[in-house]
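Residue numbers (this note's numbering), protein chains in the order written: chain A, 48 to 409; chain B, 48 to 409; chain C, 48 to 409; chain D, 48 to 409. Ideal Cβ positions, reconstructed from N, Cα and C, are used throughout, including at glycine. Predicted model only: the values in this text are computed from it and were never measured. As structure tokens, the structure follows; a few thoughts come after it.
There are 4 protein chains.
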Amino acid sequence: MAVGEFSFPDMKKRVAVIGASGYSGEELVRILLGHPHVELVAVTSRQSAGQSLAQVFPRFGSHPVARALRFTEPDAAALAGQADVVFLALPHGVAAEFAVPLLDAGCTVVDLSADFRLRSADTYREFYGHEHPAPALLARAVYGLPEVHRARIRGSRLVASPGCYPTSILLPVIPLLRAGLVRPTGIIADSMSGVSGAGRKAETDYLFCECNESVRPYGVPKHRHLSEIEEQLSLAAGATVTIQFTPHLIPVNRGILTTLYLAPSEAFSDAAGAAALGARIAACYAAAYADEPFVRLLEGKALPDTKNVVGTNVLELAWRLDARTGRLLVMSAEDNLVKGASGQAVQSMNVVLGFPETAGLL
Amino acid sequence: MAVGEFSFPDMKKRVAVIGASGYSGEELVRILLGHPHVELVAVTSRQSAGQSLAQVFPRFGSHPVARALRFTEPDAAALAGQADVVFLALPHGVAAEFAVPLLDAGCTVVDLSADFRLRSADTYREFYGHEHPAPALLARAVYGLPEVHRARIRGSRLVASPGCYPTSILLPVIPLLRAGLVRPTGIIADSMSGVSGAGRKAETDYLFCECNESVRPYGVPKHRHLSEIEEQLSLAAGATVTIQFTPHLIPVNRGILTTLYLAPSEAFSDAAGAAALGARIAACYAAAYADEPFVRLLEGKALPDTKNVVGTNVLELAWRLDARTGRLLVMSAEDNLVKGASGQAVQSMNVVLGFPETAGLL
Amino acid sequence: MAVGEFSFPDMKKRVAVIGASGYSGEELVRILLGHPHVELVAVTSRQSAGQSLAQVFPRFGSHPVARALRFTEPDAAALAGQADVVFLALPHGVAAEFAVPLLDAGCTVVDLSADFRLRSADTYREFYGHEHPAPALLARAVYGLPEVHRARIRGSRLVASPGCYPTSILLPVIPLLRAGLVRPTGIIADSMSGVSGAGRKAETDYLFCECNESVRPYGVPKHRHLSEIEEQLSLAAGATVTIQFTPHLIPVNRGILTTLYLAPSEAFSDAAGAAALGARIAACYAAAYADEPFVRLLEGKALPDTKNVVGTNVLELAWRLDARTGRLLVMSAEDNLVKGASGQAVQSMNVVLGFPETAGLL
Amino acid sequence: MAVGEFSFPDMKKRVAVIGASGYSGEELVRILLGHPHVELVAVTSRQSAGQSLAQVFPRFGSHPVARALRFTEPDAAALAGQADVVFLALPHGVAAEFAVPLLDAGCTVVDLSADFRLRSADTYREFYGHEHPAPALLARAVYGLPEVHRARIRGSRLVASPGCYPTSILLPVIPLLRAGLVRPTGIIADSMSGVSGAGRKAETDYLFCECNESVRPYGVPKHRHLSEIEEQLSLAAGATVTIQFTPHLIPVNRGILTTLYLAPSEAFSDAAGAAALGARIAACYAAAYADEPFVRLLEGKALPDTKNVVGTNVLELAWRLDARTGRLLVMSAEDNLVKGASGQAVQSMNVVLGFPETAGLL
């Protein structure tokens, strides 16, 4: 791996984060401060403007850049002159407004919102309740799941980084659909997410005492993330895919655990059939992910556990064939703020800029 | 409600708890100490023998009975002479050994283990890995789910109190199966349980640091509780039911949240169809549970949350029809140690003894 | 204990809770709904007006009164006509405004705010930053710590229920000061509180992700609760007492653990001296609390643990003499919402109304 | 900082960890796997022998070394031939047995146990209850607190890495004692620790349900860590120091928060006196720590919070003068497994080997 060309400080790329005061923004800052090939040159936040990164995020208080760099009001024109790459960690709808001038000014944009994840402006309207602010850009954006769309990301300047739930569902399911090993119908995804997924919003629902010692479903039966999940699954299946998706809120800071219920394309009725099918599934996953640094295929009796991936950009994956029901269960675990958000966004940036894909992420 | 006949201390029933030092046993003790119509006369525990209840469970330290009553070694013959009702909070396999002499001596036995939950000794062997210790008693035992088997519990002296996961699945599904509203095939139950469900076992897996900030599936794809769930569902459906069940461990002390994926017997394809089906489901649940003190049918947008049932004997239930997938989602929440174990056991005792069913449980 | 006179529904006292939508208010509602001698007739909350108790607090959803009773806008005149006893669970400063008309109308008022806890309006101004709204009432109010001021509470119609931290400090220290066993100088109280102590405020600081996996001091070195703690300790000591008090926020819903560092009045220099002093301390605490239903003096090696008191009105207490330093350590644990707030308020109400003091609290 | 000389793989130092299956061992492995100048060549664990690091610690499962390296039975002779540096993450008493042959064989030993932290074998016997296994080595060992003993660590081959509580107390207090700003008498340290401090022991006391929603003191009044704390403080003060120390267990995985109560050497009675004293304290801390990479002196209103240091080798520190009591409060926060154990051990190794002190720790 030829990393030499990025190893000189004067060749570092300049990056900015718009909307850096939320949980995803904070995690982006953490990763970028430690990234060997970029320099964090600007962070914006309306509410924190004027304060240094170290003041807003005391955990970065020992880093010289964090002590020096102050939040500014978001200003696309100013940022366009300062940064080569701009991350948008903004609410849906707002991100698109910034993307247009930044792209026009020649910046690479990695958007963590949902604004460019869909190809269809109609689907966007259906799920987000308003017209898309920049529909012309939808065709230009690439869905930033490197394990699936690496080649297209490489040549792009507008990356729509996937949502946390979608990542936990798409990485397990897409290889199986592409290989025709599971049916595109009847897919069920049951997910549990840590509270950071709700963002740093001062809402009663997310107070400590409302979340601690509690578990609850929410957003059933039609969560917004369904739109991008189904669009991506449909692409993989070559057919329209509609899934059942139930998110639950659990009292952990970080982590998503998703359990998927799938129907194998070919039924199996005995141990021999299960073994044969199992071999094909194992081969499918190995082909897709054995060489991927951020997907960990568990072996033996191991099952995913969010505590093994929190703080990392890794998604853990295990599967079981259930001879009693004929179903295939696939379980995944990820850190919703890393592989589910900021880590994956940096991974895509690494792909776009030609850095080693793991730079800053190990 | 004529409660007068139980209100005199000398008419209180004498109860004992065998295996009272675990979490279910502790919860049983808590409920029984506050029960108006019983007197706790004996608690046993090999490891705590000689210590008072107050010493082992400091939270009961202000209760005079807890300060006076000491744990003894379990001795069925001795207990048979002391108690009218004996609760068995023992591991599977051990409970049956105690049940036989206690029943012979005329005691009422409420067993919280799995030993008498199945009708079939063959199924017991398949799921528990050893021969049933007292197969002759299986036909005599009643499955202690009062909302479903109240009449049979009333006349029984051997109650097999249901497991925590089964309760969270059976109460939501049985009325729908009985009414023919959902198909008996393809049922999926995805459950999340607090750590007390694993018992007070000194195992590394259940240490604070191994469970906190973690969520993980376990026991897939064939959990032992499947046996009693499927037997009870089959009874309700009048046909053999095989379900998919995935338990997950989450970092809360108590509480089970179960999300069920069901297929309505009649498909619906539009809003009118959904409304008609929804009305039938609502009527079905109302008929089953509107008058039940321990099942709460949620209304409007409310969804179950374990924090609303922890410490109570109530199971919360909500449902949604998903027009996109044609499925019926039912979600339930309960306290695994109360409605999922000790509260339900006391509820059954109340039924057997003719007490008000809510005695000690409100 | 002659409880018969309160056992008929038509003799129940009518109670109202103003400001019932916070954590203390919710806990008050829980206790009052289960209280045998009162009827909850009104609950007020600006933000929840029009909704039923069961809608705002789903955990009460199975209680008929909670299903029927709706929150109203707070209106002192209306409440005065409806209720015999009114609990004020309001912010400091606001409570006094309601107390005046309610007292004028003949109601008994139990105030959970700080408005009537101090005798001195000057101290109130110093610690709360504004003039006292009703200074004339200060002399009339009784500090509602029944174990200390029972006789005065009995004849009062205005009870100032103590704060959560003060209760955890005053009950351990007052008997020692009264007996002259410890010096009134140099007292240090180090406390840890669960997050419910901060109230149900939608502030970023109390979001799940900001409190979970975190412990932090706050409000140092001059917390508002110092004013009432020092006033009460000074009364007990017969001299001005100034203490050091450091509160910390820890990730539990409920519970306060306080560790107190005290200097025995007479130094001890050997084991015999420690034993003699220890006997006097033990006797002092026994005299003060052995017959108190809500103070538990721990024995042997037992130390307080909030999990043993959460959900109860009990304060646990243990002490140790440290021969190495000559200090006396006293440790207490309580539920900040029960003995530290709502339970204690109901205990005072029981005293005022002549009910058994434990009514509704066991 | 000349790091070039360590940047070639063939110049990496070989390190081993004996007792790598506990929480400190796991954290050591995490740090060493990412350390640029060392190669982890051996890990030992009786219970995990034969398994790979990745099997025992799934979170390391994506690291090639963790997939390849298997735990072995601990064998000092074998390790002496394999490694330049050996970390001992063993129980007290056992560590010394390994240290002797490893030192004899020329290895550098960094011991995380208490075996070499004291100069006095008598104190060891008093606090640990058995004779010291290798008293001759006590004089040779250096107490591994680099901010205090850096020069001596540099030339040592036996580093006794400090305990977690001691670090949280010594770093705040030593500069003040050395400068004569606080009295060496009457020091009180009140600490709260996460549960990982108890180690990965399968004991009921540390089960999730026993620690969650709980806070409790323990080990009062004479905790073992007092011995090393007092010895180090006495060295700094030039006089025998006896302190009061109360540890509490709180439900977080990691983190220690310590609040210290100190008496300034010169009393202050007004704002001007406080300001003058405050300036001297600020100058003292700045002189001690302004250039230290792993001590963060908080500014303004900021107070320590464990969540800002967890996962890092940083200790946060803030102080307040209390004009009401005349005391100085100092508060510190650290990760008990990093700055309180494994991170600090690696920091000492970096000092011994002449690596940049922050290598592997940023």
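With 8 angstroms as the threshold, decide whether the Cβ of residue i is near any Cβ in chain A.
i	result
F107(C)	no
Y212(C)	no
Y253(B)	no
E74(D)	no
S243(C)	yes
M32(B)	Residue 32(B) lies beyond the residue range present for chain B, which begins at 48 and ends at 409; the question has no answer from this structure.
P56(B)	Because the pLDDT at P56(B) is just 45, under 50, the model does not fix this residue reliably, and the value given afterwards should be weighed accordingly. Judged by the 8 angstroms Cβ criterion, P56(B) is not in contact with chain A.
So, does the CB of residue i fall closer than 8 angstroms to a CB anywhere in chain B?
i	result
V377(A)	no
P340(C)	yes
E260(C)	yes
Nearest by alpha-carbon distance to residue i: which of the options is it?
i	options	result
L80(A)	V342(A), A96(A), K59(A) and A322(A)	K59(A)
I200(A)	L324(A), A330(A), S92(A) and D158(A)	D158(A)
V39(D)	A310(D), E120(D), L307(D) and R204(D)	Lying outside 48 to 409, the shown extent of chain D, residue 39(D) is not represented and no answer is given.
T289(D)	T251(D), E257(D), Y253(D) and V220(D)	V220(D)
A392(A)	I328(A), L304(A) and V189(A)	V189(A)
V62(D)	R114(D), T155(D) and N259(D)	T155(D)
Y70(C)	V385(C), R371(C), L400(C) and V206(C)	V385(C)
S215(D)	H84(D), L126(D) and V342(D)	V342(D)
E346(D)	A333(D), G358(D) and P182(D)	A333(D)
V229(A)	A310(A), P180(A), R263(A) and S261(A)	A310(A)
Verify the CB distance criterion: does residue i have a CB-CB separation below 8 angstroms to chain D?
i	result
F53(A)	Note on F53(A): pLDDT 46, under 50, position unreliable in the model; the coordinate value appears next. Not one chain D Cβ lies under 8 angstroms of F53(A).
Do you know how far the Cα of residue j is from the Cα of residue i?
i	j	result
L223(B)	P193(C)	53 angstroms
R164(C)	P209(C)	7 angstroms
N45(D)	P213(D)	This structure cannot settle anything about residue 45(D), because the visible part of chain D is limited to 48 through 409.
F315(A)	S95(C)	56 angstroms
F402(C)	V88(C)	19 angstroms
A321(A)	Y171(B)	25 angstroms
G266(B)	T293(B)	7 angstroms
E178(D)	F255(D)	35 angstroms
P148(A)	E257(D)	55 angstroms
L376(A)	E277(D)	57 angstroms
G285(A)	E73(B)	56 angstroms
A49(D)	A406(D)	Here the model assigns A49(D) a pLDDT of 37, short of 50, so the residue's position is not dependable, and the following value carries that caveat. Each residue's alpha carbon lies about 12 angstroms from the other.
M239(B)	P138(B)	22 angstroms
R117(A)	S109(A)	15 angstroms
L185(D)	V206(D)	10 angstroms
Compare the C-beta of residue i with all C-beta atoms of chain C and state if any pair is closer than 8 angstroms.
i	result
R201(B)	no
A249(A)	yes
R77(B)	no
> Which ranges does the beta strand (DSSP E) cover as unbroken runs of at least 3 residues, wholly within the segment 236-277 of chain D, from first to last along the chain?
Replying inline: At a cut-off of 3 residues, not a single continuous stretch assigned as beta strand (DSSP E) sits fully inside the segment 236-277 of chain D.
>> Taking beta-carbon pairs under 7 angstroms, can you tell me which members of the segment 288-306 of chain C lie near chain D?
In response: Taking 7 angstroms as the upper bound on Cβ-Cβ separation, chain D lies near residues T289, Q291, T293, H295, I297, P298, V299, N300, G302, L304 and T306 of the segment 288-306 of chain C.
> In chain order, which continuous runs of the beta strand (DSSP E) of length 3 or greater are located wholly inside the segment 156-191 of chain B?
Replying inline: As far as the segment 156-191 of chain B is concerned, it has no whole beta strand (DSSP E) run of at least 3 residues.
> Listed from N- to C-terminal order along the chain, which residues in the segment 349-374 of chain D have their beta-carbon within a distance smaller than 7 angstroms of any beta-carbon of chain C?
Replying inline: Those would be L350, P351, D352, T353, K354, V357, R367, D369, R371, T372 and R374, in chain order.
> In chain order, which beta strand (DSSP E) runs of at least 3 residues are fully inside the segment 273-304 of chain D?
Replying inline: For the segment 273-304 of chain D, whole beta strand (DSSP E) runs of length 3 or above, ordered along the chain, are 291-296.
> Taking a cut of 7 angstroms between CB atoms, which residues from the segment 160-176 of chain D lie near chain B?
Replying inline: Cβ contacts with chain B come from no residue of the segment 160-176 of chain D.
>> Just to confirm the assignment: which complete beta strand (DSSP E) runs, minimum length 3, are found wholly within the segment 51-120 of chain A?
In response: The qualifying runs are 60-65 and 85-91.
> Which runs of the alpha helix (DSSP H), 4 residues or longer, sit entirely within the segment 332-408 of chain B?
Replying inline: Qualifying alpha helix (DSSP H) stretches, in chain order: 390-400.
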